[in-house]
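Numbering (my numbering), first residue to last: 372 to 977.
Since the structure comes first, as structure tokens, the remarks are kept for the end.
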């Protein structure tokens with residue numbers, strides 16, 4: 372076993388020609404270290420040529436943009452992207468035509484493939500697929516149909532014992548018994564292929580096709596290795612088996628591989644990511660390093676984080692500020708949030724994190740409304756209009772947060788494929804790249820200029836407004852009008868603002884989001900919403916428990932102020948014993964009111 376070498380975030384590795392693994396906890400400055408290492412390699416390596424590049428893989432598009440910005444001049448010799456972007460641009464798009472069926476036909480209509488996107492379920496594809504197996508009766512069982520759709524949106528790519536890739540649901544439950552026959556690898560492959568013949572591929576398809584191409588055509592590994600003599604991967608603890616296999620192949624072909632991560636922050640087990648992929652990283656001649664400092668958090672927060680870790684790594688705080696102890700709230704969530712924001716020095720920009728999207732919505736809706744409109748309601752009413760409205764709403768939300776280029780990219784993907792606009796958009800002419808982008812820009816500018824006004828309207832009113840907008844954007848383009856039917860009936864009482872609050876995206880930057888969406892983020896003040904039972908993750912952390920690691924990730928986002936809401940008052944004494952600040956809201960509010968109230972004058976005796 373290789374010995375562990377200590378580093379600080381400012382240390383450099385002199386010998387850049389060996390594989391390495393860097394274990395770095397939260398706030399350690401690993402992104403800074405990675406950027407400086409890329410610069411060092413760009414200056415010192417003799418393996419780089421005018422035709423080769425340094426590949427840098429990060430987890431989100433936002434992280435990619437930040438690394439590109441901070442690389443400076445070194446960005447000219449580095450290709451920074453997500454793993455999906457890297458594999459699509461360098462493997463899938465140029466070589467997809469090599470994959471053939473047994474009869475010699477194309478597996479994918481590769482000439483129609485220009486990008487990859489989230490998986491949107493097409494009603495006609497789903498209906499024909501269900502009909503093939505005599506299961507169209509599911510349309511009359513909305514609960515089962517909704518669960519099936521949920522699984523189809525999150526199909527995972529796995530590897531069997533012979534090394535062949537196959538499709539599988541991420542996770543099934545006992546209540547899925549009635550649809551398990553549809554979730555076999557063979558039937559899921561047939562479902563997927565109905566989109567491929569249209570030239571439509573999603574993010575998981577990129578992994579599937581890249582793996583198949585590199586497995587079935589080994590020469591491509593050598594081409595890719597020559598193009599990228601260095602490959603550095605951030606957040607490697609969340610790497611999937613398919614991705615790990617690709618990394619192994621490139622290393623065997625001569626690429627120097629470096630991985631950076633933290634096994635205690637591995638939180639994507641439902642997609643087969645595991646800390647063992649990071650801990651078990653072994654390449655010939657590799658060296659293992661560790662960065663133990665925490666530059667992000669105050670001493671009091673680092674002390675709590677160290678007590679929650681289960682792998683033995685104990686960080687030392689680099690900042691000399693002890694800071695305020697973390698605060699635990701017992702009481703109503705809305706009241707706790709209000710109290711924390713009013714007391715915190717950085718309350719205006721407080722980051723609120725929750726494990727579940729349900730709790731995210733609770734935090735975003737302090738009024739506690741439980742009849743809010745959801746995207747599932749829209750999809751059930753009309754799948755095509757759901758896809759269109761979700762693409763427009765997601766892009767508008769991204770643009771409102773300054774991510775305009777990403778917003779345009781997502782909207783183009785959502786409303787069109789290479790050769791056609793997606794329903795409910797109608798157009799009989801030739802669809803070009805220019806027309807796709809022009810329509811996306813027009814829709815985005817229209818919605819961005821009316822963002823606040825749209826939040827006051829119903830979903831049906833917003834759709835009517837978009838119908839008028841689309842009709843004036845491009846000659847011959849129209850949006851199918853909504854005049855009657857289920858969509859009209861349900862969406863006229865559906866608040867568009869509720870849908871905006873319910874948007875789920877991997878590139879989330881709003882102040883209230885899920886813990887998974889906050890990976891790589893930080894804030895001066897963080898408020899963590901615990902669910903029932905999650906207090907034990909802090910009080911009695913258990914090794915190998917992914918849910919505990921998710922809680923740890925949430926706590927570690929805080930720089931100077933950490934607030935935690937616990938729904939179970941029975942944990943009061945145990946938290947108090949930790950030395951943290953404990954506030955029972957009803958008692959605390961009463962005390963605050965009593966202290967703030969003017970004292971009554973005592974009547975003078977006469």
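Positions of the beta carbon are idealized from the N, C-alpha and C atoms, including for glycine.
Status (buried if at least 16 other CB within 10 Å, exposed otherwise) for residue i
{"i": "residue 432", "result": "buried"}
{"i": "residue 375", "result": "exposed"}
{"i": "residue 592", "result": "buried"}
{"i": "residue 768", "result": "buried"}
{"i": "residue 540", "result": "buried"}
{"i": "residue 651", "result": "exposed"}
{"i": "residue 804", "result": "exposed"}
{"i": "residue 387", "result": "buried"}
{"i": "residue 707", "result": "buried"}
{"i": "residue 638", "result": "buried"}
Backbone secondary structure at residue i - three-state DSSP
{"i": "residue 700", "result": "strand"}
{"i": "residue 1027", "result": "Residue 1027 falls outside the range modelled here, since the chain spans only 372 to 977, and no answer is possible."}
{"i": "residue 384", "result": "coil"}
{"i": "residue 482", "result": "helix"}
{"i": "residue 895", "result": "strand"}
{"i": "residue 718", "result": "helix"}
{"i": "residue 422", "result": "coil"}
{"i": "residue 928", "result": "coil"}
{"i": "residue 377", "result": "strand"}
{"i": "residue 936", "result": "strand"}
{"i": "residue 393", "result": "strand"}
{"i": "residue 911", "result": "coil"}
{"i": "residue 968", "result": "The predicted model places residue 968 with a pLDDT of 46, which falls under 50 and marks its position as unreliable, so this point remains unresolved."}
{"i": "residue 959", "result": "Model confidence at residue 959 stands at a pLDDT of 45, short of 50, so the residue's coordinates are unreliable and nothing is read from them."}
{"i": "residue 410", "result": "helix"}
{"i": "residue 707", "result": "helix"}
{"i": "residue 527", "result": "strand"}
{"i": "residue 763", "result": "helix"}
{"i": "residue 399", "result": "coil"}
{"i": "residue 505", "result": "coil"}
{"i": "residue 629", "result": "strand"}
Where the alpha helix (DSSP H) through residue i begins and ends
{"i": "residue 834", "result": "830-844"}
{"i": "residue 775", "result": "775-786"}
{"i": "residue 749", "result": "746-752"}
{"i": "residue 613", "result": "612-623"}
{"i": "residue 584", "result": "574-587"}
{"i": "residue 946", "result": "943-947"}
{"i": "residue 362", "result": "Outside the shown range of the chain (372 to 977) lies residue 362, about which nothing can therefore be said."}
{"i": "residue 541", "result": "No alpha helix (DSSP H) contains residue 541, which DSSP labels as neither H nor E."}
{"i": "residue 647", "result": "646-650"}
{"i": "residue 812", "result": "804-820"}
{"i": "residue 731", "result": "728-735"}
{"i": "residue 416", "result": "Here residue 416 belongs to no alpha helix (DSSP H), and DSSP marks it neither H nor E."}
Sub-8 Å separation of residue i and residue j beta-carbons
{"i": "residue 607", "j": "residue 580", "result": "no"}
{"i": "residue 390", "j": "residue 627", "result": "yes"}
{"i": "residue 905", "j": "residue 922", "result": "yes"}
{"i": "residue 548", "j": "residue 641", "result": "no"}
{"i": "residue 527", "j": "residue 587", "result": "no"}
{"i": "residue 932", "j": "residue 717", "result": "yes"}
{"i": "residue 462", "j": "residue 662", "result": "no"}
{"i": "residue 828", "j": "residue 793", "result": "no"}
{"i": "residue 492", "j": "residue 457", "result": "no"}
{"i": "residue 632", "j": "residue 746", "result": "no"}
{"i": "residue 583", "j": "residue 545", "result": "no"}
{"i": "residue 680", "j": "residue 635", "result": "yes"}
{"i": "residue 847", "j": "residue 798", "result": "yes"}
{"i": "residue 450", "j": "residue 413", "result": "no"}
{"i": "residue 598", "j": "residue 930", "result": "no"}
Limits of the unbroken beta strand (DSSP E) element including residue i
{"i": "residue 660", "result": "658-662"}
{"i": "residue 513", "result": "Element bounds for residue 513: not the beta strand (DSSP E) but the alpha helix (DSSP H), 513-524."}
{"i": "residue 671", "result": "It is not in any beta strand (DSSP E) - residue 671 instead sits in the alpha helix (DSSP H) that spans 670-679."}
{"i": "residue 952", "result": "952-955"}
{"i": "residue 884", "result": "883-885"}
{"i": "residue 601", "result": "601-604"}
{"i": "residue 874", "result": "Segment: none, residue 874 is in no beta strand (DSSP E) and carries neither H nor E."}
Supposed contact pair residue j and residue i - C-beta distance, whole angstroms, cut 8 Å
{"i": "residue 481", "j": "residue 468", "result": "5 Å"}
{"i": "residue 935", "j": "residue 697", "result": "6 Å"}
{"i": "residue 558", "j": "residue 496", "result": "That belief does not hold up - the Cβ atoms of residue 558 and residue 496 are roughly 13 Å apart, past 8 Å."}
{"i": "residue 810", "j": "residue 786", "result": "7 Å"}
{"i": "residue 855", "j": "residue 889", "result": "Not confirmed; about 43 Å, so no contact."}
{"i": "residue 782", "j": "residue 900", "result": "Incorrect: roughly 31 Å between the Cβ atoms, too far for contact."}
Contact with chain C by residue i, beta-carbon distance below 8 Å
{"i": "residue 665", "result": "In the structure shown, chain C cannot be found, because there is only a single protein chain."}
Near the ligand ATP: residue i beta-carbon under 7 Å from a heavy atom
{"i": "residue 779", "result": "As for the ligand ATP, it is missing from this structure, which has no ligand bound."}
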